[in-house]
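One structure below.
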Amino acid sequence: MLEAIRERSQGWIAKVILILLIVPFALWGVDSYVSGGGQEPPAATIEDEEISQREFLKAMQDQQEQMGGKVEEKALRKQVMDQLVNTRLLSQAAGKTGFSIRDPQVQAVLAGIEIFQDNGALSVPKLEAWLRSRDMSHAALLSMISQDLLLKQVQIGYGEGAVIATPSVTRLGNLLAQQREVNEVVFDQAAYAQGVQVDDKAIAAEYQARQASFATPAMLRVQYLTLSQAVLEAGVQVSDEQVRKYFEENPAQFQEPEQRRASHILIKVDAGADASAKQAAKARAEQLLAEVRKTPAKFADLARQHSQDPGSGANGGDLGTFSRDMMVKPFADAVWAMQPGQIQGPVESQFGFHIIRLDGVVGGAKMGFAVVKDDISASLRQQEAQKRFVDSAERFSNMVYEQSDSLEPAAKEFGLKIEQSDWISAGNAQPAMLGDSRLINALLSDESLKNKQNVEAIEVAPNTLVSARVIEHRPAGVRPLAEVSAAIRASLTAVAARKLAAEAGKKALAAAAAGNQAGLSLSAPMTVSRMQPLNVPAASLRAIFRADAAKLPTWAGVESAEGYRLYRVNRVVEAAPAAEQITAMRNDMRRLLAQEEMRAYLESVRARSKIKIEPTALEPKAE
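Counting from 1, one number per residue, gives the positions in the sequence shown under the numbering used here.
Pasting the structure below:
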């Protein structure tokens with residue numbers, strides 16, 4: 001089971017880790033520095049488990065960076081919230097139904113992540129350096145991997161249960177492989193456009209009917225000033241002496257944790273087992289412990305025969321080398337209280353009863369200064385930039401507000417550059433942060449437009465404040481008829497010409513079906529199938545394969561983007577897909593069925609769960 005899970009999940013888990021590599025953990029927004037309100041309510045509550053505002057904002061930030069800001073904020077908020085809620089629901093349901101992840105599974109995934117490897121093996125220095133750079137504990141990383149594996153296990157469970165009958169796959173394969181030879185006639189609207197007359201009255205009526213289509217938003221050109229942690233960090237210099245001093249004053253951070261190597265025999269106890277089942281497992285563990293103590297050399301053989309840990313049993317119970325926080329507490333406590341060669345048990349954990357043998361102790365070595373120098377330097381720069389941002393945020397906000405007739409004082413005070421935008425509007429700006437709806441609304445306020453003064457600083461992204469002032473303003477309005485009349489005329493002409501082309505095509509279809517195909521300019525024959533449609537549009541392909549092939553030739557037609565497409569079906573070629581294609585199709589169908597079953601399962605879990613979502617979490621942040 002462990003190998004199956006590793007094979008199916010390792011790449012998926014690695015992607016999660018790589019995302020963490022690229023996107024640093026989010027800090028609290030500037031609001032936590034400049035406001036003194038009480039604790040915010042959770043973003044959502046699922047049963048009794050909360051999703052904090054911080055977790056939600058972090059997920060939002062990650063998603064925004066992955067998608068490049070291409071999704072409207074309100075839609076993104078809903079999407080991220082749904083993902084978080086669904087993850088919690090599946091995790092809770094998995095626990096209730098007996099799914100579980102064991103430590104060896106987590107360790108196997110961790111050991112298989114390439115960014116933590118050195119010469120193909122897990123490198124503790126690399127792992128520890130990565131954890132420090134993300135301000136993340138070893139336990140938190142293991143918990144994250146465990147939860148992701150748990151969710152993957154649920155998905156695998158549904159996927160393995162999906163059954164598709166071979167005759168159904170074969171029948172579908174034959175339909176997809178069937179070929180039809182056809183000729184095509186295209187009735188293109190361009191050929192009918194000259195016969196269309198559009199008068200000014202029709203254009204005026206269309207203009208009135210489509211006023212919303214010709215609306216233009218309020219547009220602005222602005223001067224702006226940005227204070228952000230990233231900008232401040234670029235100006236932070238850290239000397240080698242500072243880095244060396246930090247290294248020497250914080251030795252514990254650069255000490256590799258002591259590791260131990262152990263083997264175990266596990267007698268498993270399933271989640272929810274009653275007292276008698278637990279007692280029987282304990283008695284069996286005590287019996288095996290007696291055998292091991294009688295003949296310690298048989299430990300590996302007994303583990304292969306009796307251990308119920310699928311990950312280590314086949315290896316004679318060998319768990320390899322691990323640090324203390326890699327294992328559950330009862331197991332780790334026992335191992336760290338033992339001497340090399342000692343055998344102890346039964347030790348009870350959430351997985352059952354363990355008989356443990358300590359095989360060795362590896363002392364924690366101190367990492368060399370050269371190995372961690374760059375990480376320390378980056379961490380010190382980030383800390384200093386964060387400190388400067390905290391110290392500057394409130395002063396910056398006050399200065400642009402109190403000296404509202406210019407951005408110059410704030411720019412001079414904080415060493416920032418005043419920049420100027422092109423025309424911007426809500427959701428349409430370069431840089432994108434200027435399109436923040438709260439900033440645009442502030443700039444469009446009567447006070448801002450009338451007095452051309454600074455708007456107060458707005459947090460447009462985590463730890464990023466922007467103040468701006470209007471240079472030029474274009475009010476919202478509607479483009480004049482004279483400006484759009486040519487486009488309206490072209491649109492109305494195209495609609496009318498397409499209608500004429502479709503009518504001509506339908507008449508030709510009726511005539512051809514009655515045996516009269518005079519005047520039709522047929523294309524060269526082409527052979528198409530559902531799997532190889534060539535350049536035939538999807539709607540045309542459906543019409544071709546819906547045509548009754550009992551008597552050939554037969555005819556089919558369909559309205560198209562350019563007008564109408566007419567087809568003569570000359571012959572049908574039955575074919576069967578290759579065996580490997582049938583296998584691939586069966587796998588695809590199983591996957592689709594599994595996805596549908598998972599969707600239905602998730603809906604049923606949502607329906608019977610108590611979910612409360614804070615409404616303000618789904619709305620773009622207002623001032």
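Even glycine gets a Cβ: it sits at the ideal position worked out from N, Cα and C.
Legend entry - Span of the beta strand (DSSP E) around Val-361: 352-362
Inset, instruction - Out of Leu-172, Ile-376, Gln-344, Leu-566, state which residue places its alpha-carbon closest to the alpha-carbon of Leu-289. - result: Gln-344
Inset, instruction - Determine the contact status of Ser-323 and Pro-257, defining contact as a CB-CB distance below 8 Å. - result: yes
Inset, instruction - Pick helix, strand or coil for Met-656, following the three-state DSSP scheme. - result: Outside the shown range of the chain (1 to 623) lies residue 656, about which nothing can therefore be said.
Inset, instruction - Note the first and the last residue of the continuous alpha helix (DSSP H) segment covering Phe-247. - result: 240-249
Legend entry - The alpha helix (DSSP H) enclosing Ile-101, as first and last residue numbers: Note, Ile-101: premise wrong, no alpha helix (DSSP H); not H, not E.
Inset, instruction - Drop a sphere of 10 angstroms on the beta-carbon of Gly-311, count the other beta-carbons inside from all chains shown, and report buried for 16 or more, exposed for fewer. - result: buried
Inset, instruction - Using three-state DSSP, classify Ile-613 as helix, strand or coil. - result: strand
Inset, instruction - Return the chain-ordered list of same chain residues with a C-beta closer than 7 Å to the C-beta of Thr-554, the five sequence neighbours on each side being excluded. - result: Ala-547, Asp-548, Val-569
Legend entry - Proximity to Val-347 [Cα-Cα], best of Arg-381, His-264, Gln-382: His-264
Inset, instruction - Return the CA-CA distance between Met-367 and Asn-119, expressed in angstroms with no decimal places. - result: 18 Å
Legend entry - Bridge-paired residues (DSSP) for Ser-529: Gln-179
Legend entry - Ala-94 vs Leu-150 beta-carbon contact at 8 Å: yes
Inset, instruction - Assign Asp-103 to buried or exposed, taking buried as 16 or more other Cβ atoms, counted over all protein chains shown, within 10 Å of its Cβ. - result: buried
Inset, instruction - Take Ser-404 as the anchor and find which of Glu-384, Met-433, Glu-447 has the nearest alpha-carbon. - result: Glu-447
Inset, instruction - In angstroms with no decimal places, state the Cα-to-Cα distance between Val-23 and Asp-375. - result: Because the pLDDT of Val-23 is 32, which lies under 50, any placement of that residue in the model is unreliable, and the question is left without a value.
Inset, instruction - With Leu-288 as the anchor, note down where its alpha helix (DSSP H) starts and where it stops. - result: 275-294
Inset, instruction - With a 10 Å radius around its C-beta and 16 neighbouring C-beta atoms as the bar for buried, classify Pro-42 as buried or exposed. - result: buried
Legend entry - Close Cβ partners of Ala-543 (< 6 Å) along its chain, the five nearest in sequence each way excluded: Ala-556, Val-558
Inset, instruction - Look up Trp-636 in the DSSP assignment and give the residues it is bridged to. - result: Any property of residue 636 remains undetermined from this structure, which presents the chain solely from 1 to 623.
Legend entry - Start-to-end residues for the beta strand (DSSP E) that takes in Ser-224: Ser is not the amino acid found at residue 224; the sequence shown has Tyr there. Where Tyr-224 is concerned, the enclosing beta strand (DSSP E) stretches over 219-228.
Inset, instruction - Look at the alpha carbon of Val-185 and the alpha carbon of Tyr-567, and state the distance between them as a whole number of angstroms. - result: 6 Å
Inset, instruction - Would you mind listing the beta strand (DSSP E) stretches within the stretch 458-531 that are 3+ residues and don't spill past its ends, in chain order? - result: 458-461, 464-474, 526-529
Legend entry - Unbroken alpha helix (DSSP H) run spanning Gln-382, endpoints: 369-402
Inset, instruction - Leaving out five residues on either side along the sequence, give the residues of the same chain with a beta carbon under 7 Å from the beta carbon of Leu-407. - result: Gln-223, Leu-225, Val-400, Ile-418, Asn-454, Ser-467, Arg-469
Inset, instruction - Kindly confirm or deny that the stretch 315-329 and the stretch 231-245 touch, where touching means at least three C-beta pairs closer than 8 Å. - result: no
Legend entry - Which residues DSSP lists as bridging Arg-606, in chain order: BP columns for Arg-606 are empty, so no partner.
Legend entry - Val-335 - containing alpha helix (DSSP H), residue span: 329-336
Legend entry - Three-state secondary structure (DSSP) of Ser-445: coil
Legend entry - Best match in Met-531, Ala-432, Pro-620, Met-598 for proximity to Arg-180 [C-alpha to C-alpha]: Met-531
Inset, instruction - Below 6 Å CB to CB, which residues in the same chain sit around Ala-496 once its five sequence neighbours on both sides are set aside? - result: Val-196
Inset, instruction - Return the chain-ordered list of same chain residues with a C-beta closer than 7 Å to the C-beta of Leu-232, the five sequence neighbours on each side being excluded. - result: Ala-385, Arg-388, Phe-389
Inset, instruction - Identify whether Ile-343 lies in helix, strand or coil by the three-state DSSP scheme. - result: strand
Legend entry - Nearest-angstrom Cα separation, counted from Leu-142 out to Leu-20: Residue placement at Leu-20 is flagged as unreliable, the pLDDT there being 36, under the threshold of 50; the coordinate-derived value follows with that caveat. In a straight line, the C-alpha of Leu-20 is about 14 Å away from that of Leu-142.
Inset, instruction - Could you name the residues that DSSP lists as bridge partners for Gly-563? - result: Asp-188
Legend entry - Exposure of Arg-357, with buried meaning 16 or more beta-carbon neighbours within 10 Å: buried
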